[in-house]
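Residue numbers (the UniProt record's numbering): 1 to 286.
C-beta atoms are modelled at their ideal positions from N, C-alpha and C, and glycine is treated no differently.
Computed from a prediction, not measured in an experiment: that's the story for all the values here.
Here the structure is laid out as structure tokens; the discussion comes afterwards.
Here it is as structure tokens:
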């Protein structure tokens with residue numbers, strides 16, 4: 001698989017030209033086997049080193065319309081990693097307190113510590129997507145919300161924010177789940193008809209579905225203005241959920257490999273002390 005096909009680093013795209021389905025569902029079992037036999041164990045090993053070394057952190061951004069697969073990738077991929085080195089934060093509609101601050105203020109609670117992979121299930125990108133569709137900027141001063149350069153300024157702010165994180169040792173990896181309208185229809189229907197999935201259904205999902213074309217335009221503008229070498233977007237063909245999980249796993253493996261974390265070892269002084277303690281433990285002296 002050519003990973004670069006899914007990685008956007010500044011090239012302008014038409015969202016309708018991006019594939020939502022790459023392989024047949026008949027490949028699912030083969031992909032699952034590769035994931036759980038090879039790729040997830042490799043990612044788990046790299047994550048363990050990242051966590052133990054505690055020098056770098058990774059921020060993972062998941063962005064999509066409803067029922068595209070964000071929760072499932074957490075369940076099937078990230079849940080297999082070292083729990084102590086994972087953080088998962090979901091962002092919904094801003095609270096009254098959050099709206100009284102700048103739009104990036106609430107994100108701080110979701111950022112990783114060194115050694116952590118922190119997942120944002122929806123993210124600060126909501127603040128350039130949702131307002132375009134639902135006009136939710138009433139709390140802003142008129143000169144800001146009516147500024148014709150508002151969105152260009154926010155794109156610049158987010159690019160600068162991600163550059164700031166990267167320069168401080170926190171890599172940013174962003175996944176956009178590119179799902180078709182028909183596939184979303186099937187998944188919403190399943191949530192209604194399967195009683196074990198009723199809790200996953202929200203009536204607001206239908207309102208978002210009514211605004212499908214507006215969302216696609218907003219996502220296209222997001223990808224075209226905020227995919228950089230430092231913080232690229234990976235477009236996941238979300239009609240193929242298992243293939244998407246494979247792409248995401250490969251991307252994370254690649255990012256951590258470039259960091260090249262290592263398990264910390266004893267210094268010469270500590271090694272000498274540890275050897276003495278080990279001998280005492282063997283001899284049951286302590």
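I need the DSSP call for residue i, collapsed to helix, strand or coil.
{"i": "residue 231", "result": "coil"}
{"i": "residue 109", "result": "helix"}
{"i": "residue 48", "result": "helix"}
{"i": "residue 161", "result": "helix"}
{"i": "residue 3", "result": "Caution applies to residue 3, whose pLDDT of 47 falls short of 50 and renders its modelled position unreliable; the value that the coordinates give is listed next. The answer is helix: DSSP assigns residue 3 an H, G or I state."}
{"i": "residue 172", "result": "strand"}
{"i": "residue 26", "result": "helix"}
Please check the pair residue i and residue j, which I expect to be a contact at CB under 8 Å, by giving their CB distance rounded to whole angstroms.
{"i": "residue 67", "j": "residue 205", "result": "7 Å"}
{"i": "residue 248", "j": "residue 128", "result": "With a Cβ gap of about 22 Å, residue 248 and residue 128 do not count as contacting."}
{"i": "residue 218", "j": "residue 234", "result": "Their Cβ separation, rounded to whole angstroms, is 18 Å, which puts residue 218 and residue 234 out of contact at 8 Å."}
{"i": "residue 59", "j": "residue 170", "result": "6 Å"}
{"i": "residue 120", "j": "residue 50", "result": "In fact, because the Cβ distance is near 18 Å, the residues do not count as touching under 8 Å."}
{"i": "residue 116", "j": "residue 106", "result": "In fact, because the Cβ distance is near 18 Å, the residues do not count as touching under 8 Å."}
{"i": "residue 104", "j": "residue 124", "result": "6 Å"}
{"i": "residue 162", "j": "residue 173", "result": "Actually they do not touch by this definition, with Cβ atoms about 10 Å apart."}
Measure from the alpha carbon of residue i to the alpha carbon of each residue in the options, then state which is nearest.
{"i": "residue 11", "options": "82, 225, 246", "result": "225"}
{"i": "residue 198", "options": "187, 208, 108", "result": "187"}
{"i": "residue 85", "options": "267, 65, 53, 195", "result": "53"}
{"i": "residue 216", "options": "61, 65, 50, 32", "result": "65"}
{"i": "residue 15", "options": "43, 278, 178", "result": "178"}
{"i": "residue 152", "options": "136, 221, 271, 44", "result": "221"}
{"i": "residue 245", "options": "195, 69, 136", "result": "69"}
{"i": "residue 287", "options": "208, 190, 192, 110", "result": "Past the edges of the chain, shown from 1 to 286, lies residue 287, and the structure says nothing about it."}
{"i": "residue 228", "options": "195, 156, 185, 259", "result": "156"}
Could you check whether residue j and residue i sit closer than 8 Å to each other, using their CB atoms as the reference points?
{"i": "residue 323", "j": "residue 230", "result": "Residue 323 cannot be examined here, being either before or after the span of the chain that is shown, 1 to 286."}
{"i": "residue 261", "j": "residue 56", "result": "yes"}
{"i": "residue 90", "j": "residue 122", "result": "yes"}
{"i": "residue 214", "j": "residue 144", "result": "no"}
{"i": "residue 40", "j": "residue 77", "result": "yes"}
{"i": "residue 18", "j": "residue 47", "result": "no"}
{"i": "residue 237", "j": "residue 21", "result": "yes"}
_Give the list of continuous alpha helix (DSSP H) stretches no shorter than 4 residues that lie fully inside the region 204 to 261._
Taking only runs of at least 4 residues, the alpha helix (DSSP H) segments lying wholly in the region 204 to 261 are 204 to 210, 212 to 226, 241 to 259.
*asked:* Please give the ranges of any beta strand (DSSP E) in the region 39 to 97, keeping only runs that are unbroken, at least 3 residues long and fully inside the region.
replied: Fully enclosed beta strand (DSSP E) runs of 3 or longer: 57 to 63, 86 to 90.
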